[in-house]
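Please read the structure below before turning to the comments.
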Amino acid sequence: MTIAPEGRKMLRLEVRNAQTPIEKKPEWIKTRAKMGPEYNELMKLVKGEGLHTVCQEAGCPNIFECWEDREATFLIGGEQCTRRCDFCQIDTGKPSALDLDEPRRVAESVQKMQLRYSTITGVARDDLPDGGAWLYAETVRKIHELNPGTGVENLIPDFNGKPDLLEQVFDSRPEVLAHNVETVPRIFKRIRPAFTYERSLGVITQARDYGLVTKSNLILGMGETREEVSQALRDLHEAGCDLITITQYLRPSPRHHPVERWVKPEEFVELKDEADEIGFAGVMSGPLVRSSYRAGRLYQQAVEKRQTTGEVVLRHTDGVA
66 MTIAPEGRKM
76 LRLEVRNAQT
86 PIEKKPEWIK
96 TRAKMGPEYN
106 ELMKLVKGEG
116 LHTVCQEAGC
126 PNIFECWEDR
136 EATFLIGGEQ
146 CTRRCDFCQI
156 DTGKPSALDL
166 DEPRRVAESV
176 QKMQLRYSTI
186 TGVARDDLPD
196 GGAWLYAETV
206 RKIHELNPGT
216 GVENLIPDFN
226 GKPDLLEQVF
236 DSRPEVLAHN
246 VETVPRIFKR
256 IRPAFTYERS
266 LGVITQARDY
276 GLVTKSNLIL
286 GMGETREEVS
296 QALRDLHEAG
306 CDLITITQYL
316 RPSPRHHPVE
326 RWVKPEEFVE
336 LKDEADEIGF
346 AGVMSGPLVR
356 SSYRAGRLYQ
366 QAVEKRQTTG
376 EVVLRHTDGV
386 A
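This note's numbering puts the last residue of the sequence shown at 386; the count rises by one with no breaks.
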């Protein structure tokens, strides 16, 4: 029996993946550390206050740029996910009990860091009756309560597509409702076995129908073809997706899906042009782009596009006296 680092038995898929050595990264997969004054101030604060961000703990290559813009990402719901995606480094297992105080602590971290824009992401909690919908919604509410001028992007699981649970999250009125499709239909079941492509598109459609700015992500290099990426972009736009990020898959460990190809920078430029032509309000496309990269700037692009078309931008302050 082969044991995973977190102590559980490895899945047959993980054993098969591990037979392929970790791939050598091409020369364009690199970034330079540019430590500006805002970044240095935030790092000092985070260390001094013992705060935790995904940016820091996941070693995100874009931390220097995002922190310079006073943007950061927080993970909620614990360290164990009830689902397993073949690209994701978060452990799969039985989650700990729901931490009801987590929304307040995250909101206070946002306040202490004086963030202009915050992204909330988290694990799937299929062990809970509401799938964690309350936690995602309450975290947005608490951030807005303590930080009325801070934008919040809520990157959610699919809650099995249940309209009542999704509406509970939508009612918290994040500036952006994000749900990542990640890959194309042909290989979707292998990469994301607990999700479905159609259900993920449905989440985006429901959020758009509610009036929220919507966002998704595509990861390249897991076996998709160029035409399949183009079709996925069209599918997402037709589903009501406003913003899209496109990135290169980087394998977290030998247990994860092997890298099928390294997408060259010029192809990412082509895909950005294509997504712009399709009609997305904002596009970020590049080897080291991540779904929360320059999130605040993308949101502003969506706001500007809606203003030019006369479409209403739903804000968390609407209806508040």
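Yeah, the Cβ is synthetic: ideal placement off N, Cα and C, and Gly gets one too. Given the structure is predicted, the values throughout are model-derived calculations rather than measurements.
Query, Result
"Where V324 falls, given that 16 or more other Cβ within 10 Å makes a residue buried", "buried"
"Endpoints, beta strand (DSSP E) assigned at M349", "347 to 350"
"From P102, K109, I128, K112, residue whose alpha carbon lies closest to that of A360", "I128"
"Spatially closest choice to K337 from H321, S318, L308, by CA coordinates", "L308"
"Buried or exposed (CB count within 10 angstroms, at least 16 for buried), A98", "exposed"
"Per DSSP, the bridge partner or partners of F139", "I185"
"Start and end residues, alpha helix (DSSP H) containing A367", "360 to 374"
"Meets three-Cβ-pair contact criterion under 8 Å: the stretch 105 to 122 and the stretch 155 to 167", "no"
"Inter-residue spacing [alpha-carbon to alpha-carbon] between K89 and L242", "35 Å"
"Contact check, V246 vs L283, beta carbons under 8 Å", "yes"
"Best match in E369, I185, H322 for proximity to R81 [C-alpha to C-alpha]", "H322"
"Collapsed DSSP secondary structure at N219 in the structure displayed", "strand"
"Alpha-carbon to alpha-carbon, P86 and G384", "Confidence is the limiting factor: at G384 the pLDDT is only 47, short of 50, which leaves the residue's position unreliable, though a coordinate-based value still follows. Rounded to whole angstroms, G384 to P86 spans 55 Å at the Cα level."
"Check whether V328 and P352 have beta carbons under 8 Å apart", "yes"
"V377 in three-state terms, based on DSSP", "coil"
"Beta carbon of R169 nearer than 8 Å to that of L379", "no"
"Other residues of its chain near R371: CB distance less than 6 Å, five sequence neighbours each side excluded", "V378"
"Alpha-carbon to alpha-carbon, E218 and I141", "13 Å"
"Contacts around E103, its chain only, beta-carbon distance under 7 Å, and the 5 residues preceding and following it disregarded", "W132, E133, R135"
"Outcome for N105 when other beta-carbon atoms lying within 10 angstroms are tallied against a minimum of 16", "exposed"
"Alpha helix (DSSP H) runs contained entirely in the stretch 88 to 165, provided each spans 4 or more residues", "102 to 114, 119 to 122, 128 to 133"
"Closest residue to G187 among E203, P222, I208 (Cα-Cα distance)", "P222"
"Cβ contact check for the stretch 141 to 159 and the stretch 176 to 184: 3 or more pairs under 8 Å", "no"
"Within 8 Å, strictly: CB atoms of R255 and D341", "no"
"Collapsed DSSP secondary structure at A272 in the structure displayed", "helix"
"D295 - DSSP class collapsed to helix/strand/coil", "The residue asked about is misnamed: residue 295 is Ser in this sequence, not Asp. The answer is helix: DSSP assigns S295 an H, G or I state."
"Nonlocal neighbours in the same chain, by C-beta distance under 8 Å from T270, ignoring five residues either side", "A304, G305"
"Contact under 8 Å by Cβ, I252 with G286", "no"
"As assigned by DSSP and simplified to three states, the class of Q313", "strand"
"Reduced DSSP secondary structure (H/G/I, E/B, other) of G384", "Here the model assigns G384 a pLDDT of 47, short of 50, so the residue's position is not dependable, and the following value carries that caveat. In the structure shown, G384 sits in coil (DSSP, three-state: anything other than H, G, I, E or B)."
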